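*Asks:* Here the sequence shown stands for residues 9 to 149, where the numbers follow the numbering used here.
Backbone N, C-alpha and C define an ideal beta-carbon position, used for all residues, glycine too.
All values derive from a computational prediction rather than experimental measurement.
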Amino acid sequence: DRLATKAQRLALIAAEKGCTRPDCSAPASLSAVHHITEWAKEGPTDIENLTLACDACHALVHDGPGGWKTVVTGPDTDFPGRTGWIAPAHIDPTRTPHVNHRHHPGELLAATIARIRARDERDREHRKARLEHRTTPGEGR
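(1) Please look up how many angstroms separate the CB atoms of Leu60 and Gly26, rounded, as I've assumed it's under 8 Å.
(2) Any beta-carbon of chain D closer than 8 Å to the one on Thr144?
(3) Could you tell me the alpha carbon to alpha carbon distance between Val79 and Thr91, rounded to whole angstroms?
(4) Measuring CA to CA, which of Asp31, Ala19 and Leu11 is closest to Pro113?
(5) Could you work out which residue in Leu11, Ala137, Asp84 and Ala15 is closest to Gly51 when comparing CA atoms only?
(6) Considering Cα atoms alone, identify which of Glu133, Leu139, Leu58 and Ala64 is closest to Ile21.
(7) So, for His106: in the same chain, excluding its five sequence neighbours on each side, which residues have a beta-carbon less than 7 Å away from its beta-carbon?
(8) Using the Cα positions of Glu115 and Glu46, report the straight-line distance between them to the nearest angstrom.
(9) Based on the DSSP output, what are the partners of Ser184 in its beta bridges?
Below is the structure:
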């Protein structure tokens, strides 16, 4: 069957909370179910191959020039199993999949905390190295 079941729709709404294209703020109530691998290309109507996309973002997904592509992010990514959107080459020459964090503020908070901790650790290491350099005997001081 091409159409998602009620249970699949509810699961997507609970998991994704809205359109999955990066930076789109459309809520689930304004989003439709989208096949990540197109149904016309034998993409199954299985929860692993479904995502939410608002009408405007859904229209961006196509094989023509300027078309976006959707993929499931792999296990080696920061957000495995999420829907990654690949922008056309004129927008992102690297064609790197990106996920939408707008409906998942906890992800943004966790990433920000990780960046702050990494910066603090670099600062500590830098201060430690400067202090060790100043106190190293035999430097001709």
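*Replies:* The relevant details are as follows:
(1) About 6 Å separates the beta carbon of Leu60 from that of Gly26, a gap short enough to meet the 8 Å contact definition.
(2) In the structure shown, chain D does not exist; there is a single protein chain.
(3) When only Cα atoms are considered, Val79 and Thr91 end up about 6 Å apart.
(4) Taking only the C-alpha atoms, the option nearest Pro113 is Asp31.
(5) Looking only at Leu11, Ala137, Asp84 and Ala15, the smallest Cα-Cα distance to Gly51 is reached by Leu11.
(6) Comparing Cα positions, the closest option is Leu58.
(7) Spatial neighbours of His106 in its own chain (CB-CB distance under 7 Å, excluding positions within 5 residues in sequence) are listed in chain order as Pro30, Gly92 and Trp93.
(8) One C-alpha to the other measures close to 28 Å.
(9) The structure shown has nothing for residue 184, since the chain only spans 9 to 149.
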